[in-house]
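With full-length UniProt numbering applied, the sequence shown corresponds to residues 1 to 283, in that order.
Yeah, the Cβ is synthetic: ideal placement off N, Cα and C, and Gly gets one too.
The structure appears below as structure tokens.
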Amino acid sequence: MNRREGEGCPRRNADAVQDRDASANPSSPVIAAFKVFQQELDTKHDKYERLVKISRDVTIESKRTIFLLHRVTSVPNAEDILNEADVKLDAVRQKIGQIAEELRGEDIFQFHRAFTAGIQEYVEAVSFLHYIRHRSLISLEEINARLVFMTTEKLDPKGSAEALQPGGQVLTFQVTPSDYLLGVADLTGELMRMCISSVGNGDIDTPFQLSQFLRQIHDGFSYIGNTGPYEVSKKLHTLRQSLGKVEDACYALRVRGSEIPKHMLADVFSSRTTLLDPEEGVV
1 MNRREGEGCP RRNADAVQDR DASANPSSPV IAAFKVFQQE LDTKHDKYER LVKISRDVTI
61 ESKRTIFLLH RVTSVPNAED ILNEADVKLD AVRQKIGQIA EELRGEDIFQ FHRAFTAGIQ
121 EYVEAVSFLH YIRHRSLISL EEINARLVFM TTEKLDPKGS AEALQPGGQV LTFQVTPSDY
181 LLGVADLTGE LMRMCISSVG NGDIDTPFQL SQFLRQIHDG FSYIGNTGPY EVSKKLHTLR
241 QSLGKVEDAC YALRVRGSEI PKHMLADVFS SRTTLLDPEE GVV
């Protein structure tokens, strides 16, 4: 029986002999090649994890900026809120500068999944601030123009650090069109929340402005159709729901606004949006 087991697995015995010979010879070209592969994979994995952590910080700070901006409808001096939001977004841009530093000389699409969530959240925050100030949509070119960074070190061609020079190396980070579109799609949910807050404060003009603006964004996404990224088509459903809720609120304000006290407008709006989508709630 022992002889049959040995005869039935010659390939296993040959592999065992080969593994034993390779382990016995550290200078084997196979072992040397795999050590190089191991180092490359470890380096890529470590960089990926660092990008994930930076992206998480970008996401957190961008969300805090968005929460701050929602206070503009309930404070007497909105400019103080906007200035504070500018300071927060400057700090977020410094984090994005760290992403640009990590991606220097790398293929951005190898690591795109690691930081795309943070970049989308940043686009949402900066476009929300831009809308509050200018009542318009910030362009991709305007966003990328602010993502230019100056490093403190200048590297020679061999990669060794020279003495610090006042004019270091210029790094740029380019937000991809898909991240821009996904961030703008998320912006519509914040604008719908802004509409609720405005109605609650007795502002009956802002909902109509938001309705027109959201309709323009929806028309723009309609031109993309199914030719854009898969994630964009998924968020288009949420965009349509946000637009429907704002338009329904504008309808209620136009038809019954004159007979409803201002302090009760928010309750009427909330009840109508609940009837629109009772299971989903506010997006």
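Inter-residue CB distance, residue i and residue j (contact presumed, cutoff 8 Å)
i: valine 175; j: valine 123; result: 6 Å
i: leucine 89; j: leucine 129; result: 7 Å
i: valine 184; j: leucine 147; result: With 8 Å as the limit, valine 184 and leucine 147 do not qualify as a contact, their Cβ atoms being about 17 Å apart.
i: leucine 210; j: isoleucine 132; result: 11 Å between Cβ atoms; not a contact.
Burial state of residue i (16 or more Cβ within 10 Å)
i: alanine 145; result: exposed
i: glycine 65; result: First, the amino acid is wrong: residue 65 is threonine here, not glycine. That one is buried.
i: valine 87; result: exposed
i: glutamate 49; result: exposed
i: serine 222; result: exposed
i: glutamate 190; result: buried
i: isoleucine 96; result: buried
i: threonine 59; result: buried
i: glycine 118; result: buried
i: tyrosine 180; result: buried
i: aspartate 85; result: Reading off the sequence, residue 85 comes out as alanine, not aspartate. Flag for alanine 85 reads buried.
i: glutamine 39; result: exposed
i: glutamate 61; result: buried
i: lysine 158; result: Summary for lysine 158: the model assigns pLDDT 45, below 50, so the residue's position carries little reliability, and this model does not support an answer.
i: isoleucine 196; result: buried
i: isoleucine 224; result: exposed
i: glutamate 162; result: Model confidence at glutamate 162 stands at a pLDDT of 40, short of 50, so the residue's coordinates are unreliable and nothing is read from them.
Beta-carbon gap between residue i and residue j smaller than 9 Å
i: leucine 182; j: isoleucine 217; result: no
i: isoleucine 54; j: glutamine 98; result: yes
i: threonine 172; j: alanine 100; result: yes
i: isoleucine 143; j: valine 126; result: yes
i: lysine 245; j: methionine 192; result: yes
i: leucine 214; j: leucine 236; result: no
i: alanine 114; j: valine 30; result: no
i: threonine 73; j: threonine 206; result: yes
Check: residue i C-beta below 8 Å from any heavy atom of the ligand COA
i: lysine 44; result: This structure lacks the ligand COA, and indeed carries no ligand of any kind.
Residue range of the unbroken alpha helix (DSSP H) whose run includes residue i
i: threonine 151; result: Per DSSP, threonine 151 belongs to no alpha helix (DSSP H) and is neither H nor E.
i: isoleucine 204; result: Element bounds for isoleucine 204: n/a, residue is neither H nor E.
i: histidine 70; result: Unbroken run through histidine 70: none, as it is neither H nor E.
i: glutamate 124; result: 112-134
i: asparagine 83; result: 78-102
Straight-line gap, residue i to residue j (C-alpha atoms, nearest Å)
i: alanine 22; j: phenylalanine 37; result: Per-residue confidence for alanine 22 stands at a pLDDT of 48, beneath the threshold of 50, marking its modelled position as unreliable; no derived number is given.
i: glutamine 110; j: serine 198; result: 43 Å
i: glutamine 169; j: glutamate 102; result: 14 Å
i: leucine 155; j: glycine 105; result: Note that leucine 155 scores a pLDDT of 46, beneath 50, so its modelled location is shaky and nothing firm can be said.
i: cysteine 250; j: phenylalanine 208; result: 6 Å
i: isoleucine 204; j: phenylalanine 67; result: 22 Å
i: leucine 164; j: threonine 151; result: Since pLDDT at leucine 164 reaches only 40, below the 50 mark, its modelled position is unreliable, and no value is offered.
i: serine 160; j: alanine 33; result: Since pLDDT at serine 160 reaches only 41, below the 50 mark, its modelled position is unreliable, and the value read off the structure follows with that caveat. So the two alpha carbons sit approximately 26 Å from each other.
i: histidine 134; j: valine 255; result: 29 Å
i: glutamine 94; j: serine 178; result: 22 Å
i: arginine 71; j: histidine 45; result: 40 Å
i: arginine 240; j: glycine 220; result: 12 Å
i: aspartate 57; j: glutamate 141; result: 24 Å
i: proline 229; j: threonine 238; result: 16 Å
i: serine 139; j: glycine 202; result: 31 Å
i: asparagine 83; j: histidine 112; result: 31 Å
Min CB distance residue i to chain B below 9 Å
i: leucine 51; result: Judged by its chain identifiers, the structure shown contains no chain B, having just a single protein chain.
Extent of the continuous beta strand (DSSP E) run through residue i
i: threonine 172; result: 170-172
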